[in-house]
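The listed protein sequences derive, respectively, from chains V and F. Quick note on numbering: my numbering labels position 203 of the first sequence as 1215, and the sequence is numbered without any gaps. Quick note on numbering: my numbering labels position 16 of the second sequence as 1028, and the sequence is numbered without any gaps. Built from N, CA and C at the ideal position, the CB exists for glycine as well.
2 protein chains.
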Amino acid sequence: MSERNSFKVIRDEMARRIAERLWLPGALIPGEEVLAREFGAARATVNRALQELARAGLVERRRRAGTRVALYPMREARFVIPLVRQEIEARGAAYQYRLRSCEEVSPPELVRTRLGLLDDTPLLHVRCLHLADSAPYQYEDRWINLDAVPSVRDVDFTTVSPNEWLVENAPFTEAEFTFLAAAASAEEADLLQLREGSPVFVAERITWLRDKPITLVRMVHPPAHRMVTRL
Amino acid sequence: MSERNSFKVIRDEMARRIAERLWLPGALIPGEEVLAREFGAARATVNRALQELARAGLVERRRRAGTRVALYPMREARFVIPLVRQEIEARGAAYQYRLRSCEEVSPPELVRTRLGLLDDTPLLHVRCLHLADSAPYQYEDRWINLDAVPSVRDVDFTTVSPNEWLVENAPFTEAEFTFLAAAASAEEADLLQLREGSPVFVAERITWLRDKPITLVRMVHPPAHRMVTRL
DNA sequence: CAAGCGTATTTGTATAGACATATTACCCTC
DNA sequence: GAGGGTAATATGTCTATACAAATACGCTTG
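As structure tokens, then:
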């Protein structure tokens, strides 16, 4: 035993047993010591394999109670949030960027509450368009907390998109993603070359640095857009 | 030293250094040995912390080349795919289920290619509705590969939803998720009590057991639906 | 100068042993 | 039988050590 990837081998073998119903949903599986002996590995190795299965939602583990196969294997799916530019270039399309507006204004009530801001201090409101092969790909409507990122005042967003600038200059520790379908507003329809009321795919993201809100962005995609992820 | 959660402490401290730009994007960070000495921990502990950061996309690691701060911290977000019923009950709403149709038919070309089926063997086509507090919550349109799950023929889907039955009886090893916005078809609009053409949030899922396709499901939500995940 | 090869370095993983921690199961008391 | 305290047990984590694997870098050679 003691192969080099044994924890992966063990993990996959246990996943197989769960998939094949050798270990039934809800059933208690052997303890780490026993499995270690069975697989001829150290307990730490089995532990690592089991922790990965737990993270994936295949098993549930509790001290003293042991490890049991999840009743409903609510496996997790992961998706990465790339830069729009990279997303577009990865499809082999040419990336273009167009700034639409950039101004300091007091945010509407809705934006303020979502960012958890108490007063109506002006925020930087940036709206821009990302194109793939000259076709509208994403409309970005962003509010930036000047208090958290004061240096953003001096940035020229006609050449660099707020997306890229912020990724490089405004680190965050927390983020919340929301995905929804909506009807295109008149403005969105105009920019994305759709009819008003067309369904659009909207991704919203709020980021914080510790407790301080950084930015709220609404990214609107034409209905052809697909967000795909594999498990 | 040697606290019990030291790998978490170390991970968070390193995440802080990246967030605060003490370690700049693209920069090489110290090797595991050095960090281990600095934090007064074993290398294995630092390794575990770094592996988590790598998984989260904060750093990139390569043997011999060392660990560097990711240029674009494309952090991953995770979301879990629960049972519709659990999703609804978690909101404190009452769950109801209604079967609409269930028949063996040859699938349309589109379904066949998405499932990677070569011939036009009949599949089980099930359509049903999930309600939250008597309001339409999700319309489920599903194709099931009878070849992969023959026992599904004998299931009475008037009482149990295909979602739940399959989760318990048709294990899978691979899955692909797709999210998109679409305009409600006449049928969808009718079932979800919307106007035809209203934007709907669509989640599609294909699952495989090893290479064998199990099921393709299209889950349609009214526009108020939000998929939220935190990082 | 280019190409190819060897080697040092860094991360990846395994192991055994130890202790920490959470939580169940059991026993004891009332 | 109910309640509460305690011991048993499975998992969580750390340490030190060892070897494996990938690969950047320098050296040799043509």
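Look at the alpha carbon of MET1013 (chain F) and the alpha carbon of THR1241 (chain F), and state the distance between them as a whole number of angstroms. As a position in the second sequence, residue 1013 (chain F) is number 1, starting the count at 1. As a position in the second sequence, residue 1241 (chain F) is number 229, starting the count at 1. Its pLDDT being 48, under 50, MET1013 (chain F) is placed unreliably by the model, and the measurement read from it follows with that caveat. Looking at the two C-alpha atoms, the distance is approximately 35 Å.
Using the rule of at least 16 other Cβ atoms within 10 Å of the residue's Cβ for burial, across every protein chain shown, is GLU1200 (chain V) buried or exposed? Position 188 of the first sequence, counted from the start, is the residue given in the question as residue 1200 (chain V). The residue in question, GLU1200 (chain V), is buried, as its Cβ has 16 or more Cβ neighbours within 10 Å.
How would you write the range of the alpha helix (DSSP H) that PRO1174 (chain F) sits in, first residue to last? Within the second sequence, residue 1174 (chain F) is the residue found at index 162, counting from 1. It spans 1174-1181 - the alpha helix (DSSP H) in which PRO1174 (chain F) sits, taken as one unbroken run.
Unbroken stretches of the alpha helix (DSSP H), 4 residues or longer, contained in the segment 1071-1154 of chain V: 1096-1102 and 1121-1127
Check THR1170 (chain V) in the structure and name its three-state DSSP category. Along the first sequence, read from residue 1 onward, the residue named residue 1170 (chain V) stands at position 158. Residue state, collapsed to three classes: coil.
Answer with yes or no whether the minimum CB distance from PHE1091 (chain V) to chain F is below 8 Å. As a first step, residue 1091 (chain V) must be located in the first sequence, where it is residue number 79. Yes - at least one Cβ of chain F is within 8 Å of the one on PHE1091 (chain V).
Partners in chain V for MET1239 (chain F), counting only beta-carbon separations shorter than 9 Å: What you label residue 1239 (chain F) is simply residue 227 of the second sequence in a count that begins at 1. Neighbours of MET1239 (chain F) on chain V, chain order: PHE1189, THR1190, PHE1191 and LEU1192.
Per DSSP, what kind of secondary structure is PHE1184 (chain F) in: helix, strand or coil? As a working mapping, residue 1184 (chain F) is identified with position 172 in the second sequence. It is coil, neither helix nor strand.
Could you check whether the Cβ of ILE1226 (chain F) sits closer than 8 Å to any Cβ belonging to chain V? Taking the second sequence and counting its residues from 1, one reaches residue 1226 (chain F) at position 214. No, ILE1226 (chain F) does not count as interfacial toward chain V.
State yes or no: is the C-beta of ARG1076 (chain F) within less than 8 Å of the C-beta of GLY1038 (chain F)? Numbered from 1 along the second sequence, position 64 holds the residue referred to as residue 1076 (chain F). Numbered from 1 along the second sequence, position 26 holds the residue referred to as residue 1038 (chain F). Taking 8 Å as the Cβ cut-off, ARG1076 (chain F) and GLY1038 (chain F) do not qualify as a contacting pair.
LEU1228 (chain F) lies in the alpha helix (DSSP H); which residues open and close that run? Locating residue 1228 (chain F) in the second sequence gives position 216, where the first residue counts as 1. No alpha helix (DSSP H) holds LEU1228 (chain F); the beta strand (DSSP E) holding it covers 1224-1233.
What residues of chain F sit near GLY1052 (chain V), judged by a beta carbon separation below 7 Å? Taking the first residue of the first sequence as 1, we reach residue 1052 (chain V) at position 40. The premise fails here: GLY1052 (chain V) is roughly 21 Å from chain F at the closest Cβ pair, so nothing lies under 7 Å.
Give me the chain V residues within the contact set of LEU1243 (chain F), using Cβ-Cβ distance strictly less than 7 Å, ordered along the chain. What you label residue 1243 (chain F) is simply residue 231 of the second sequence in a count that begins at 1. Under the 7 Å cutoff, chain V gives GLU1186 and ALA1187.
Outcome for GLU1115 (chain F) when other beta-carbon atoms lying within 10 angstroms are tallied against a minimum of 16: As a first step, residue 1115 (chain F) must be located in the second sequence, where it is residue number 103. When all chains shown are included, GLU1115 (chain F) counts as exposed.
Spatial neighbours of VAL1164 (chain F) within its chain, please: CB distance less than 7 Å, with the 5 preceding and 5 following residues excluded, ordered by chain position. In the second sequence, the residue the question calls residue 1164 (chain F) occupies position 152. Within the same chain, VAL1164 (chain F) has close Cβ partners LEU1136, ILE1156 and LEU1158.
Cutoff 8 Å: PHE1169 (chain F) Cβ touching any chain V Cβ: Working through the second sequence from its first residue, we reach residue 1169 (chain F) at position 157. No, PHE1169 (chain F) does not count as interfacial toward chain V.
So with Cβ pairs under 8 Å, would you call ALA1253 (chain V) a contact of chain F? This structure cannot speak to residue 1253 (chain V), because chain V is shown only from 1013 to 1243.
For the segment 1026-1045 of chain F, which residues have a beta carbon sitting closer than 9 Å to at least one beta carbon of chain V? ALA1027, ARG1028, ILE1030, ALA1031, GLU1032, ARG1033 and PRO1037
Which residues of chain V have a Cβ atom closer than 7 Å to the Cβ of TYR1008 (chain F), listed in chain order? Nothing in the structure corresponds to residue 1008 (chain F), since chain F is present only between 1013 and 1243.
With distances taken between CB atoms, is the gap from ARG1124 (chain V) to THR1185 (chain V) smaller than 8 Å? For this step, residue 1124 (chain V) is matched to residue 112 along the first sequence. For this step, residue 1185 (chain V) is matched to residue 173 along the first sequence. Taking 8 Å as the Cβ cut-off, ARG1124 (chain V) and THR1185 (chain V) do not qualify as a contacting pair.
Answer with yes or no whether the minimum CB distance from PHE1213 (chain V) to chain F is below 8 Å. Taking the first sequence and counting its residues from 1, one reaches residue 1213 (chain V) at position 201. It does; some Cβ of chain F falls within 8 Å.
Between the segment 1140-1151 of chain V and the segment 1093-1112 of chain V, can you find at least three pairs of beta-carbon atoms closer than 8 Å? yes
Helix or strand or just coil, what does DSSP make of LEU1204 (chain F)? Numbered from 1 along the second sequence, position 192 holds the residue referred to as residue 1204 (chain F). In this structure, LEU1204 (chain F) counts as helix in the three-state DSSP scheme.
Local conformation of ARG1242 (chain V) per DSSP, three classes: For this step, residue 1242 (chain V) is matched to residue 230 along the first sequence. Note: ARG1242 (chain V) maps to strand in three-state DSSP.
Using 8 Å as the threshold, is the C-beta distance between ALA1144 (chain F) and ALA1187 (chain F) below it? Counting from 1 along the second sequence, the entry for residue 1144 (chain F) is found at position 132. Counting from 1 along the second sequence, the entry for residue 1187 (chain F) is found at position 175. The answer is no: Cβ separation not under 8 Å.
Can you name, in chain order, every residue of its own chain whose Cβ lies under 6 Å from the Cβ of MET1167 (chain V), other than the five neighbours on each side? Mapped onto the first sequence, residue 1167 (chain V) falls at position 155. In the sequence on display, residue 1167 (chain V) carries Val and not Met. Hits under 6 Å: TRP1177.
Determine the extent of the beta strand (DSSP E) in which VAL1164 (chain V) is found, giving its start and end residues. Residue mapping note: residue 1164 (chain V) aligns to position 152 of the first sequence, counting from 1. Premise fails: VAL1164 (chain V) is in no beta strand (DSSP E) and is neither H nor E.
If the cut is a Cβ gap below 8 Å, which residues of chain V does LEU1135 (chain F) touch? The count along the second sequence starts at 1 and reaches residue 1135 (chain F) at position 123. Those do not exist, as LEU1135 (chain F) stays about 21 Å from chain V at its closest Cβ, beyond 8 Å.
In DSSP terms, what THR1219 (chain F) is bridged to: Reading the second sequence from its first residue, position 207 is the one you call residue 1219 (chain F). Answer is F:ALA1187 and F:THR1227.
C-alpha distance - GLN1063 (chain V) paired with ALA1196 (chain V), whole-angstrom precision: Walking along the first sequence from the start, residue 1063 (chain V) turns up at place 51. Walking along the first sequence from the start, residue 1196 (chain V) turns up at place 184. Their backbone Cα atoms lie some 44 Å apart in a straight line.
Where DSSP assigns a beta bridge to PRO1211 (chain F), which residues make up the other side? Mapped onto the second sequence, residue 1211 (chain F) falls at position 199. Answer is F:ALA1195.
Counting only the same chain and skipping the five closest in sequence on each side, list residues whose C-beta sits under 7 Å from that of MET1026 (chain F). By 1-based counting over the second sequence, the position of residue 1026 (chain F) is 14. Excluding sequence neighbours, MET1026 (chain F) sits near ALA1061 and LEU1065.
Looking at the unbroken alpha helix (DSSP H) that takes in GLU1044 (chain V), where does it start and where does it end? For the purposes of this step, residue 1044 (chain V) is taken as residue 32 along the first sequence, with counting starting at 1. Note, GLU1044 (chain V): alpha helix (DSSP H), 1044-1051.
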